[in-house]
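My numbering applies: residue 38 is where the sequence shown begins, and numbers increase by one.
Ideal Cβ positions, reconstructed from N, Cα and C, are used throughout, including at glycine.
Bear in mind that the values here come from a model prediction, so they are computed numbers and not experimental data.
Read through the structure below, which is laid out as structure tokens, and then see the notes.
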Amino acid sequence: MSTTLSQTALHDLSVQALSKALRHKQLSAVEVATHFLQRAQVHSAIGAFVAIDEEATFAQARAADARIAAGTAGALEGVPIAHKDIFVTRDFATTAGSRMLKGYRSPFDATVVNKLAQAGAVTLGKLNCDEFAMGSSNENSAIAPVGSDSVEPVRNPWNQDRIPGGSSGGSAAAVAARLAPAATGTDTGGSIRQPAAFCGITGIKPTYGRASRYGMVAFASSLDQAGPMARSAEDCALLLSAMCGPDPDRDSTSLDVSAENFALKLNDSIEGLRIGVPKEFFGDGLSADVRASVEAALKQYEALGAKLVPITLPRTELSIPVYYIIAPAEASSNLSRFDGVKFGHRAKDYGDLADMYKKTRAEGFGDEVKRRIMIGTYVLSHGYYDAYYLQAQKIRRMIADDFQNAFKDCDVIAGPVAPTVAWRIGEISDDPVANYLADIFTLSGSLAGLPGMSIPVGFAAAQADKGMPIGMQLLGNYCQEARLLNAAHRFQQATDYHLAKPAGF
Ligand code: GLN
38 MSTTLSQTAL HDLSVQALSK ALRHKQLSAV EVATHFLQRA QVHSAIGAFV AIDEEATFAQ
98 ARAADARIAA GTAGALEGVP IAHKDIFVTR DFATTAGSRM LKGYRSPFDA TVVNKLAQAG
158 AVTLGKLNCD EFAMGSSNEN SAIAPVGSDS VEPVRNPWNQ DRIPGGSSGG SAAAVAARLA
218 PAATGTDTGG SIRQPAAFCG ITGIKPTYGR ASRYGMVAFA SSLDQAGPMA RSAEDCALLL
278 SAMCGPDPDR DSTSLDVSAE NFALKLNDSI EGLRIGVPKE FFGDGLSADV RASVEAALKQ
338 YEALGAKLVP ITLPRTELSI PVYYIIAPAE ASSNLSRFDG VKFGHRAKDY GDLADMYKKT
398 RAEGFGDEVK RRIMIGTYVL SHGYYDAYYL QAQKIRRMIA DDFQNAFKDC DVIAGPVAPT
458 VAWRIGEISD DPVANYLADI FTLSGSLAGL PGMSIPVGFA AAQADKGMPI GMQLLGNYCQ
518 EARLLNAAHR FQQATDYHLA KPAGF
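Here it is, written out as structure tokens:
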């Protein structure tokens, strides 16, 4: 190990630094995997992992070392990552946070998992998430974390009494606690951006269709999108480059846009970049701390040469009812496959077939999932379809048009990710509407299918929330991921919020 490397703990190395050290044989993939698996054990109280299989990880690591030795290393050869437990994996069980899939083993890997493996990444395990990715706090998981016999909430490494955000809460907590240098997440209405913000890390959801949905347990198919979560924009760029690309045979909605090296433009100047600031993102519901940090970040952008442009996204508030009609509608249809016949949970005692369906679904699904199935079934039912689902679809189009109008005057849009910092475990867990309202700033970008990211921009100062991380959201026009990552990277070169580390990790 070189001196610079030995001075830095392995888990503090970036994806970029790890991959360089691995390629130059200063570290071996087995050595790196051993270090991270030990950390996962030491910090199991965070509850981030729901599946670990050391043998499977070591087999992948040994294969990576062999490719490095043979000179055939991929871009991420030997770099350990962990996957949100919504991606199906052959080597690890996949639960999607649900009793319905407890112990389920997929016969194939999700395309995203496959692509990262082809780039040489080594899987450390699977990360907790809200059941079927429905939630904003990770409190909706029905799965016990590794090291525990009972279902426990994932804890935010910055304050273990707080939620890590959701639905990719395990991913965000694992990266923030340095249990993995990077993780995958999925974002249907904010589930990469919001937990990244709550845990002080960086995450990007690409344009809808840039990453294949094949092998992602479906929540709302017109919204679901995979993306990386890491500590910096630079690391996200490396992962995203490996994750994206057309998959026409397996995902008919995957975009016919070739894979791209998102790291190429990271260092471009942002002199003259026009940053749209939507007035609707800075209204009354925004906490003073979040406002102050986001405004300071905007000032920093001005200092870097960007220009702030006031814009309007007039239907921001409508994104909540629109999303909470469309997403449950699609979920109710997607989840009809869990009937106890082909895979997953099946009730033990039942009468006829209908009784088997009923009991299986009553036992297998948690409350939030059932709530959404009911809402979705209702809004799609004869007599209500026109009043709810169709109306929501029309407004969805208008929301997308509002963004196109805004992008006439700006190159990227910036604002808060969430109105507050991470709340306390249990604080609003029995109030679904309060959870839905907290998604206000992330839903519209999802409904429009735009790429969006979250970068750390500060910490709460108010006594009640002291030290909790704050994220800023950057939204771009379709396929402008490279521009977002460039804007994020330039900010991170001028600031050190993304380098801050929770105490004890
Ligand atoms: N919080 C939102 C929901 O509960 C978004 C979840 C997601 O993006 N997967 O649906």
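- For Met505, the closest of Tyr338, Val327, Ser370, Leu303 by C-alpha to C-alpha distance is Val327.
- Short of 6 Å from the beta carbon of Thr132, and not among the five residues preceding or following it, lie these beta carbons of its own chain, in chain order: Asp122, Leu138, Lys139, Ile180.
- Of Asp146, Ala101, Ala499, Pro453, the smallest CA-CA separation from Pro493 is found for Pro453.
- In the structure shown, Leu536 adopts helical secondary structure according to DSSP, grouped into three states.
- Per DSSP, Val314 lies in no alpha helix (DSSP H); the unbroken beta strand (DSSP E) holding it starts and ends at 311-315.
- Judged by DSSP in its simplified three-state form, Asp321 adopts coil rather than helix or strand.
- Contact between the stretch 92-110 and the stretch 230-243 is not established, with fewer than three Cβ pairs separated by less than 8 Å.
- In this structure Gly313 touches Val449 by the C-beta definition: roughly 7 Å separates them, less than 8 Å.
- In terms of side-chain proximity, the C-beta atom of Gly381 is found no nearer than 7 Å to any non-hydrogen atom of ligand 1.
- Scanning Pro365, Gln430, Met435, Val458 for the CA closest to the CA of Thr353 turns up Met435.
- Every alpha helix (DSSP H) stretch that sits fully inside the stretch 452-540 and reaches 4 residues is listed by chain position as 469-474, 477-485, 518-531.
- For Phe124, the distance from the CB to the nearest heavy atom of ligand 1 is not below 7 Å.
- If you draw a straight line from the Cα of Leu355 to the Cα of Lys242, it is about 21 Å long.
- Within the same chain, and ignoring the five residues on either side of Lys302 in sequence, the residues whose Cβ sits closer than 8 Å to its Cβ are Ala519, Arg520, Leu522, Asn523.
- Each residue's CA atom was taken as its position, placing Gln530 and Arg374 some 47 Å apart.
- For Leu161, the enclosing beta strand (DSSP E) covers residues 159-164.
- If you draw a straight line from the Cα of Gly320 to the Cα of Pro456, it is about 9 Å long.
- Secondary structure within the stretch 409-459: the alpha helix (DSSP H) runs of 4 or more consecutive residues, fully enclosed, are 428-443 (chain order).
- Inter-residue distance for Ala213 and Arg409 is about 30 Å (C-alpha atoms, whole angstroms).
- When secondary structure is reduced to three states using DSSP, Asn196 falls in the strand class.
- Contact between Lys163 and Ala217 does not hold, since their C-beta atoms are separated by about 11 Å, which reaches or exceeds 8 Å.
- Counting only the Cα atoms, Arg215 lies some 16 Å from Ala270.
- Ala267 is positioned such that its CB atom lies closer than 8 Å to that of Ala219.
- In this structure, DSSP gives Leu275 a helical state, which the three-state scheme calls helix.
- Across the structure, Ser56 and Asn304 are spaced so that their CA atoms are roughly 19 Å apart.
- Annotation: Lys503 to Leu350 spans about 31 Å, alpha carbon to alpha carbon.
- Partner residues in the beta bridge of Val346, as assigned by DSSP, are Gly313.
- Taking 8 Å as the cut-off, the Cβ atoms of Gln510 and Ser481 do not count as close.
- The stretch 96-110 and the stretch 61-78 touch, with three or more beta-carbon pairs separated by less than 8 Å.
- At least one heavy atom of ligand 1 is found less than 7 Å from the C-beta of Met171.
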